[in-house]
Each structure stands twice: as structure tokens, then as C-alpha cells.
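In full-length UniProt numbering, the protein residues as written are 1 to 867. Where is the CB? At the ideal position from N, CA and C, for every residue including glycine. Presented below is the structure to which this report refers.
Take a look at the structure:
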């Protein structure tokens, strides 16, 4: 009973300290409505995704959903975010219980913004507990453990991670627990905790499991060579046992980790081929001891590194080595690349820097009385000068500098006092002053680097209830369209650039903003159909590029836009208006389900317009079927080309002389009369000087990223649906000026006869519930039933109770062979190898239990024999 009360008291202390660390955040929220959720990834990805997953799971849909963008396995594809995240899963269960009790309303967006603050406070308390637990294995005194825990938990990087990518900051809990489990094995021979933490690390996030692997290996290797007198296990025993434990931990996690790893492998990104500099420039953004955008370490860690006498202590030496390594690595972009899987450098590993320096400061406080006053004074003077120089260089004075001077003054008095009964209380005061310094540093960081002007403007309670994000009017119009359309039909609408609008306005759309997509959707947008994405990003897809054929193929019933937005597909008729919103209805909606016996071979279709026509006329298969009988001709030779404010360098390059320059195509009147739309295919790649750039096609602006961007698509052959102006011209303007790779690849006319002639009759019934789709077919011939939802490996189908294997057709859709007069089709989904992974995980857990007991008993026996 005493232990329970003792632990409860500790956790309440951790919780109280966490609230204090969040005091500035709470103050800004309650006073000014400033959210602790970032204005970009935070409100555009994190909150909509959390809300979406909660609602899907609450309704009993756990894997596949047709309203997940174009549709797909959201469990697998969102495992990078939250679907395997342990804290989020617990959060969902608690929120569901509170919702049942009518205590919260999780169907409102604001709940999830408020939930973010609550979870951050709880998570910070857990970080304090985990770090304090690890510090206990180092045999630090009480104040040193508190200094360690607060220095890490209150690191500015924790708040940066949490405000933009809350699942990132889970590693602040898992890192100290992993190192504690390794330390525990060295000193006790118990491997069970290590297996558990490895399992949780692999479950929680497949991406950061890689970080855990690297950091666990680093600590493991250092501890093999930096031994402690209390270590019981030999190097050979440790290597063998922890290697087996790691394998068992991986095996135990496969139920979740396997699907997360699959999502990463199924994703397709452009290889990062930009030259990585060896050393990063030193400036305000890389000065880790002062105020910068990423991380600020307490300057006391530099003072500790310079206190060479303390290197005699084993743990001080360990953390000094780690601190020196991580500080140096912070200026080597190759290290950022290694942690990001040898890809584009990403500064996500720096929590190791925060942990190492916090541990070093804790050891410094522990060994404080072994420092000579003279050493303390010169190291204090040196590091103080570094801070003052930084303040002068950046012309920025931060409020924690005066407190830093007070901390050093307290430290000096503590060392100066010789009376033993005063010295220990003074060390307590000195340690407490460092804790206060940690809180001040994080609060200043939050004020300048998180609550900056853009955050104040866009991440507040007013903005998320305004027309740039979400309003009652928008929701009312969406609800109205949803009631008037069929369940399988879609609505093409997003709030400006909020591609996850369908997630939080609860409708079946066709846009998505996520770091990971299924590869076939990337191929669909970039290669097969070449659907133009207005704002280039490898993390987004949306709409149809204004192409009526695609809108009809995807069963888009309504398109809603604001009154200043354009690029409407043909045959969309305005049916409603309210305020600044215009609603258009598609007059040529194709049925979401059809049965056809007309097969076209994908290998024999060479242009996007032919692929559209083939999908409308029949179905496109891989490696079987006939060529399309009426391929669209390339009309380029019937046009004339002129350059304006640009010079042709050679056949594939131009030099733009002014802000907007490029080429103009002039179309003869006969072509303009024959076709309603034109598909212009061009190759454009920015040359020197490299920069973001705009491709303007008759007023349609396509914003493209610079060549070294981590988020570029790598697609330079681009298709634009356009119409000539009244003079028969198509203007291709490029901005800014400079060199471009430029070539006209094709011009194709669309008269929409194929779309007009296609059957619009709905010969089926449709019902979807809990990852199961039931389709009732009316009269039809033998052929392929095509449903316009993405095919995923793991789909199963039955036709009139008989199992049938689904196929991928039309580049991404689902096809099911049916016989004549087939009536009922059922489609279900489970992630591939789902039950296999359950079996492996269960077996691994059972073996892990046995192995933990066996290895501990063996180690105890070996120890007793040695004694």
C-alpha cells in the first residue's frame, strides 16, 4: 500500500510539473485562443486524421474505407501517424468512454484541438516519469534525477515536435525506457523490460523504431566498453541475450509493425539526389545554445563538458561523450540523412542531444561538490560570454539570461560554503534553479519559435471556425449535398488548400494530405492519368485537374467552389449558391459500378486521354485485352508556336528574360470548333537559378517546387486541361525568369463524344458498412464488374456466396469477374498476412516470457557459482 501511495505521489508531482511547464501555453490558449497545434501540418493533417480515425473506429470500421481520399486501407497508410500509436489508441478508448457518458463531444473539431493540450500535459508527465526511472539506475540523488527528468521533458524540441507532429514526441518516453531496460540488464540480468520496450517501440511507429534501433545500438556499444562496477553481465552474455531479446521484441510487434513497414515500402518518393554539405553553416538557426527554431540546450552542459575532473566518474564520462558526439553531429547534415534512412536530411534525431546533455547536467549536479571553485568560475565566465556574444550578434535578448546569471551565482555560493549542513540544502537550491531555467528556456522558445506571427494568425480558435478552414455554412452545404447524392458518389470540395477537408467535414471526397500514399495512387496521378496537382507536393492529391472524364469516372456528383475559384470541368451545371459558395452538379455522372465485357490492354494505351476513353468504354487490364480502336491524334503539328519574353536555347531549353515569359500556341479555327477542351502535355523543369516557380496555362497557375525540395514529385512531364482564349491562343508562361528545360510533347482535343455515349444507367444497389461493401446487380452479361474504389492487396470478394479473386483494373480500381445473372457481390478487406502476423506475434510473446525467465535463472545460477 505504501508503494502505491508513494508512486501515486510521484506521478502527481510529475503531472503538476508538466502543468507548470505548459503554463505559458495554457495562458495563451485561455487568454487569446491560441492553439497548441501548428498552422500547417498540425491543423491540416494531425487533427483531421485523429478525428477521422476516431470516427471510423467508433463506427466499427478498422481497415478499409472508401472515403479515405479516393479510398484505401487507412489502418496501414496512417500507421506513420496514429493507427498503431499506443497513446492515441488509449486516448481513443478513453474518449469513447467519455462520449458514451456524454462528457465530451469528439465529433466537434474544437474537442481535438483541446485534446492536444491535455495529451501533451499527460505525455510530458510520462516523459518525466520515464526519465526519472532511468536516472534511478544511474544511482543519482533525488535533485539530480529531477534535473535530468525536467531538462529532457521540458526541452524546446519536445514542444516543437508536439505542436506540429505529436506522434514524434512519443520517442521522448521510449528513449529513456529503452536505455533503462539496457541498464537494467547490465546490473540485474533481467531482459523482460528490454523485450517489452523493443516491442512497444516497433508497435508505436515503424519510422521511429529505426531511430530507437540506432540510439539503442549506440548506448549498447558505449556501455559494452564503459563498464560500471555494479555490472553483472559479461560482454558476451549481454550481446547474446539482448540480440535474442531484440528479435523477440520485433516478432512480438509484427501484428502492428509489419503493416506500418508495408505502408512505407508501398510508398513512392523521388530519390534525394541533391548534394549534402559536409558541415552546416553556423548562424542563428544552428546556434543550439541560444534561441533558434529547432532546439536549445542548457548552456550548463557546455560548462559540464569543460569540467575535466569529473570525467573520472563513469556515468559523467558516458554522458560527456554522448553530448560531445551529438553536439558535433548537429552540424553534420550527413548524420541527419543517416537517421532519415540515408535520404534527405531531417533534423528529427536531436532529442538524443537533449537527452544526453540533460543527463550530463544531472551528473554535474550529482558531482557538484567535487568541482573546485576556481574551475567553476572560469567555466561559468566562458559559457556566459558565449551567451552574451550570441545575444549581441543576433540583437536579441531573451529573459532567461538574467536567471542564468542567478543560477551561476547560486552555484558559486554552494561551492563557496564549507559547512556541511548548508552545502546539501544549497545543492538542492542549485538544482531547483536549473529546473526553473529549463522551464524559462522552453517558454521563451515557445513564445518566439512556436507562437510566431504565422501561428498567431492561423492557429487560433477564430481561424479554425472561419472560411479558410471550417464554418457552419460550409458544413450545412456539405450536409445538403450528401443527402442529395447516392452513398457511393463523391463531392469535389476542399477548403482552399485544406486537402483533408473531407475528414473533418464528413463526406466522401477525393483529396488527401498525408506523408504516405499507396503507390498505385501516385502512379495514377503522376503517370497513368497525369492529373495536375495545383500545388506540387509529394504529400497531397486532390480533384481532377478540371477534367470531366475523370470527374465522371470517379462518380463526382457535386463540385463546390468559392466564387473566385475556377477550373470547372465541362458539363457541371450550377444548381445552388449561398454566400461566396457555388455548387455545381455533374450532368454526366457515370455509375460507380458497372459490368462490362469490353477489355483494353494497358500496355497498348499511350496517352492519358486514350486511357480515359478506354475506362469509359470498357475496362483496362494489365497485359490482356485489345488496343483502343480510336486513339486521339496529336494536334501539335496543326498549331504555330511563338516565344514571348523568352528565347529558345535549343530544342529542349528556353531562357525566360522577364518575370513572365514562355511560349504561345495558336490553334486554327477548325480545331477550336471541333473540340471543347484540349489536353496540353509539356515537359518543364527549372534550371538555374533553382527556385520555386509557376507554370501559368491561360490563367491556371500551377505552383512547382525547386529541384532540391524534399517534397517535389519529380514529375516534369505535365498535362493541363485548357481552352484557347478568344484569339485561339494557349499561353504558356513561366516565372521567375531564368533557364528552363522546356518541350511541347502533345496537344489532344476532347469533344466528349465518348462520355456522352456512355451508359449513365445505374444497374445496381450499393451498401457499405464496417469495411464491407455489398452490391446487388441487376440484369447484365458475363464480364468484369468494375467498382471505382482503389484495389488493395488483401481484398476478398464473393459472388452469390462463391469466393472470387478481385483484380486491379483501370490502373487503380477494383474488378471482380462475374457470370451472367450474378446477383450479389460482397467485398471485404483485411490487411495482407493479418492473421499470420497475429500468430507470429503471439508465439513471439510466449517465447519471450519463457526466455526472460530462463535467461534470468541462468544468469543467477552462473552468478552464484562464480561467488
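- Annotation: residue 346 to residue 218 spans about 19 angstroms, alpha carbon to alpha carbon.
- Ranked by Cα distance from residue 785, the options 793, 821, 771, 794 are led by 821.
- Taken atom to atom, the span from the alpha-carbon of residue 203 to that of residue 159 is near 23 angstroms.
- Per DSSP, the unbroken beta strand (DSSP E) holding residue 574 starts and ends at 572-578.
- By the neighbour-count criterion, in which 16 or more other beta carbons inside 10 Å mark a residue as buried, residue 750 falls on the buried side.
- In the structure shown, residue 588 falls within a coil segment according to DSSP collapsed to helix, strand and coil.
- Within 10 angstroms of the beta-carbon of residue 765 lie fewer than 16 other beta-carbons, which makes it exposed.
- Within the same chain, Cβ atoms closer than 8 angstroms to the Cβ of residue 616 are found at 549, 552, 553, 590, 754, 755, 758, the five residues on either side in sequence being excluded.
- Assigned with DSSP and collapsed to three states, residue 542 falls in coil, not helix or strand.
- Under DSSP, residue 535 takes part in a beta bridge, and its partners are 703.
- Considered as a whole, the stretch 663-730 harbours 677-686, 693-697, 700-704, 717-722 as its complete beta strand (DSSP E) runs of no fewer than 3 residues, in chain order.
- At a Cβ-Cβ threshold of 8 angstroms, residue 113 and residue 232 do not count as neighbours.
- Assigned with DSSP and collapsed to three states, residue 785 falls in strand.
- In the three-state reduction of the DSSP assignment, residue 469 falls in the coil class.
- The three-state reading of DSSP puts residue 276 in coil, since its state is none of H, G, I, E or B.
- Restricting attention to 289, 247, 332, the CA atom closest to the CA of residue 281 is found in 332.
- A residue is called buried when at least 16 other Cβ atoms come within 10 angstroms of its Cβ; residue 60 does not meet this threshold and is exposed.
- Counting only the Cα atoms, residue 537 lies some 22 angstroms from residue 738.
- Nearest in C-alpha terms to residue 213, of all of 186, 237, 243, is 243.
- Between the stretch 472-479 and the stretch 302-317, the count of Cβ pairs shorter than 8 angstroms is below three; the stretches do not touch.
- For residue 777, the enclosing beta strand (DSSP E) stretches over residues 772-777.
- The Cβ-Cβ distance between residue 119 and residue 97 does not fall below 8 angstroms.
- The three-state reading of DSSP puts residue 500 in coil, since its state is none of H, G, I, E or B.
- Using a Cβ distance threshold of 8 angstroms, residue 14 and residue 176 do not count as a contacting pair.
- Collapsing the DSSP output to three states places residue 622 in coil.
- By the C-beta density criterion, residue 638 is exposed, having fewer than 16 other C-beta atoms within 10 angstroms.
- Classified as exposed, residue 476 has fewer than 16 neighbouring CB atoms from the shown chains inside 10 Å of its CB.
- Counting other Cβ atoms within 10 Å of its Cβ, residue 648 stays below 16 and is therefore classed as exposed.
- The C-beta separation of residue 671 from residue 722 comes to about 13 angstroms, leaving the pair out of contact by the 8 angstroms criterion.
- In the three-state reduction of the DSSP assignment, residue 444 falls in the helix class.
- According to DSSP, residue 817 shares a beta bridge with 784.
- Taken in chain order, the whole alpha helix (DSSP H) runs of length 4 or more contained in the stretch 186-254 are 192-204, 206-225.
- Annotation for residue 359: the continuous alpha helix (DSSP H) segment containing it runs 351-366.
- Take residue 819, set aside five residues on each side of it, and the residues of its chain with a beta-carbon closer than 8 angstroms to its own are 782, 799, in chain order.
- Taking each of 779, 725, 683 in turn and checking the Cα distance to residue 740, the smallest one comes out for 683.
- Going by DSSP, residue 455 is part of the alpha helix (DSSP H) stretching over 453-458.
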